[in-house]
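Just below is one structure, and these are the notes that go with it.
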Amino acid sequence: MTTTEHATHATHATHTTHATRPARWPLADGWTIVHRNLLALKRNPAIVAANLVGPIAMVLLFGYVFGGALAAGGDAAAYREALVPAAFVLVAGTGLIMAAGSAALDVQNGVTERFRSLPMQRIAVPFGQAGSQLVLSALSLAVMSGLGVLVGWRIHTDVWSAAAAFLLLLFFGYALSWVGIYMGLLIRNVEVVQQLSAPIFGLVMLSNAFVPTATMPPVIRDIAEWSPFSAAITAVRDLFGNGTIPDGPLPLAHPVLTTLIWSIALIAIFGTLAARRYAKRD
Numbered sequence: 233m234t235t236t237e238h239a240t241h242a243t244h245a246t247h248t249t250h251a252t253r254p255a256r257w258p259l260a261d262g263w264t265i266v267h268r269n270l271l272a273l274k275r276n277p278a279i280v281a282a283n284l285v286g287p288i289a290m291v292l293l294f295g296y297v298f299g300g301a302l303a304a305g306g307d308a309a310a311y312r313e314a315l316v317p318a319a320f321v322l323v324a325g326t327g328l329i330m331a332a333g334s335a336a337l338d339v340q341n342g343v344t345e346r347f348r349s350l351p352m353q354r355i356a357v358p359f360g361q362a363g364s365q366l367v368l369s370a371l372s373l374a375v376m377s378g379l380g381v382l383v384g385w386r387i388h389t390d391v392w393s394a395a396a397a398f399l400l401l402l403f404f405g406y407a408l409s410w411v412g413i414y415m416g417l418l419i420r421n422v423e424v425v426q427q428l429s430a431p432i433f434g435l436v437m438l439s440n441a442f443v444p445t446a447t448m449p450p451v452i453r454d455i456a457e458w459s460p461f462s463a464a465i466t467a468v469r470d471l472f473g474n475g476t477i478p479d480g481p482l483p484l485a486h487p488v489l490t491t492l493i494w495s496i497a498l499i500a501i502f503g504t505l506a507a508r509r510y511a512k513r514d
């Protein structure tokens, strides 16, 4: 066999190997992405602080500056205690922005395109990004819980109810991170993604985070009562013993079930959209 024939055979074998190489399971590929993002978090722990700026500001501003007025003559300390679970839910909302920013940054830096060239399942990269955001949310909730204790927040239920509350918060945040990943892949610009912070905070404002929905005008009340944020806030308040389930429509009457339904629906819809968007080459 001549040298040319050897080269041709080697080239053909290389192409065959790459063409027929099976993609690994999404879980294994996703863990690789999680590990990569956690290394970045270890090098830059300020990311956790950035995830907490909004929730901390909310507790301090509305709990101490406006707390007396918003409590409407009631117990300001009890109002702050009810405000902390709302801040926990805002941590989940902030995670949406963080996930969107991370996905957009990878697109801008060409990392996403390099991932596309690898023999990986198309869902693996978004799956890994959502997984790393889940870890970040857990760290943020731990820090936020410590701050909550400092401002007077306490858990008044048993350990199982409290554990269920934290798990529900993580699951809701995980679902929102899929929304963020899709938005990041779609927008592909970190500066634009950062402008989403105000709308997300607005959605939390348009809920029962600060005042009961019964005090709102009819149209605003209907929107707030059917908001996934209102359901999540009501659910964790009830599970922590920081408030009772109010009279209202289905989402507020069964907040835990509603939050689970919202979370599953968001994962199913935006997980599919994110996988398709990731696989699409522009």
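Counting with this note's numbering, you get residues 233 to 514 for the letters of the sequence shown. Yeah, the Cβ is synthetic: ideal placement off N, Cα and C, and Gly gets one too. In this text, all values refer to a predicted model and were calculated from it rather than measured experimentally.
Span of the alpha helix (DSSP H) around residue i
{"i": "LEU382", "result": "356-382"}
{"i": "ASP470", "result": "460-472"}
{"i": "LEU428", "result": "No alpha helix (DSSP H) contains LEU428, which DSSP labels as neither H nor E."}
{"i": "PHE398", "result": "391-419"}
{"i": "GLN340", "result": "308-340"}
{"i": "TRP494", "result": "487-511"}
{"i": "VAL451", "result": "450-457"}
{"i": "ARG346", "result": "343-348"}
Residues near residue i by beta carbon distance below 6 Å, same chain, minus five either side
{"i": "ILE496", "result": "none"}
{"i": "THR344", "result": "ASP338"}
{"i": "ILE279", "result": "LEU273"}
{"i": "ALA464", "result": "VAL321, PHE404 and THR491"}
Whether residue i touches residue j by CB criterion (8 Å)
{"i": "GLY405", "j": "SER459", "result": "no"}
{"i": "PHE472", "j": "ALA397", "result": "yes"}
{"i": "ALA422", "j": "ALA281", "result": "In the sequence as displayed, the identity of residue 422 is Val instead of Ala. Result no, Cβ atoms of VAL422 and ALA281 do not sit closer than 8 Å."}
{"i": "LEU328", "j": "GLY262", "result": "no"}
{"i": "GLN361", "j": "ASN440", "result": "no"}
{"i": "THR491", "j": "ILE477", "result": "no"}
{"i": "GLY384", "j": "ALA309", "result": "yes"}
Straight-line gap, residue i to residue j (C-alpha atoms, nearest Å)
{"i": "TRP494", "j": "PRO481", "result": "15 Å"}
{"i": "SER364", "j": "HIS267", "result": "8 Å"}
{"i": "PRO487", "j": "VAL291", "result": "22 Å"}
{"i": "LYS512", "j": "ALA318", "result": "37 Å"}
{"i": "PHE294", "j": "ALA260", "result": "43 Å"}
{"i": "GLY503", "j": "PRO449", "result": "35 Å"}
{"i": "ALA395", "j": "LEU498", "result": "23 Å"}
{"i": "LEU273", "j": "LEU284", "result": "15 Å"}
{"i": "LEU489", "j": "VAL443", "result": "22 Å"}
{"i": "TRP410", "j": "TYR311", "result": "32 Å"}
{"i": "GLY341", "j": "GLY378", "result": "Residue identity check: residue 341 is Asn in the sequence provided, not Gly. Each residue's Cα considered, the two are about 36 Å apart."}
{"i": "VAL451", "j": "ALA289", "result": "28 Å"}
{"i": "VAL391", "j": "LEU382", "result": "20 Å"}
{"i": "ASP454", "j": "PRO483", "result": "11 Å"}
{"i": "SER349", "j": "PRO431", "result": "35 Å"}
Residue from the options with nearest C-alpha to residue i
{"i": "ALA387", "options": "LEU418, VAL316 and LEU484", "result": "First, the residue type needs correcting, since residue 387 is Ile and not Ala in the sequence shown. The candidate whose alpha carbon is nearest that of ILE387 is VAL316."}
{"i": "GLN426", "options": "GLY325, GLY380 and ALA272", "result": "GLY325"}
{"i": "LEU401", "options": "VAL383, VAL381, GLY416 and MET376", "result": "MET376"}
{"i": "ASN399", "options": "VAL367, ARG275 and ASN440", "result": "First, the residue type needs correcting, since residue 399 is Leu and not Asn in the sequence shown. The residue with the shortest Cα to Cα distance from LEU399 is VAL367."}
{"i": "SER429", "options": "GLY384, LEU322 and ARG275", "result": "LEU322"}
{"i": "SER393", "options": "ARG346, GLY380, ASN474 and PRO431", "result": "ASN474"}
{"i": "TYR433", "options": "PRO277, LEU271, PRO287 and ILE501", "result": "Checking the sequence, you will find Phe at residue 433 rather than Tyr. Selected option, being the one with the closest Cα: PRO287."}
{"i": "LEU371", "options": "PRO483, ILE501, PRO277 and LEU484", "result": "PRO277"}
{"i": "ALA500", "options": "ARG275, ALA407 and VAL451", "result": "ALA407"}
{"i": "MET330", "options": "VAL436, TYR414 and ASN341", "result": "TYR414"}
Neighbourhood of residue i by C-beta distance below 8 Å, restricted to the same chain and skipping five residues each side
{"i": "ALA507", "result": "ARG354, ILE355 and PRO358"}
{"i": "ILE419", "result": "ALA332, ALA336 and VAL425"}
{"i": "LEU435", "result": "GLY325, SER459 and PHE461"}
{"i": "HIS250", "result": "Only weak support is given to the placement of HIS250: the predicted model assigns it a pLDDT of 40, under 50, and the value that follows is read from those uncertain coordinates. So the qualifying residues of the chain are PRO351."}
Residues of its chain near residue i, where Cβ-Cβ distance is below 7 Å and the 5 sequence neighbours each way are ignored
{"i": "ALA456", "result": "LEU438, SER439, ASN440, THR445, MET448 and SER462"}
{"i": "TRP314", "result": "Here residue 314 is Ala; the residue named in the question, Trp, does not match the sequence. Excluding sequence neighbours, ALA314 sits near ARG469, ASN474 and GLY475."}
{"i": "LEU417", "result": "ALA335, VAL339, ALA506, ARG509 and TYR510"}
{"i": "PHE347", "result": "VAL357"}
{"i": "THR264", "result": "GLY360"}
{"i": "THR389", "result": "LEU471, PHE472 and GLY473"}
{"i": "ASP307", "result": "none"}
{"i": "ARG275", "result": "none"}
Heavy atom of the ligand MN within 7 Å of residue i beta-carbon
{"i": "LEU284", "result": "Judged by which ligands are present, the structure shown has none, so any question about the ligand MN falls away."}
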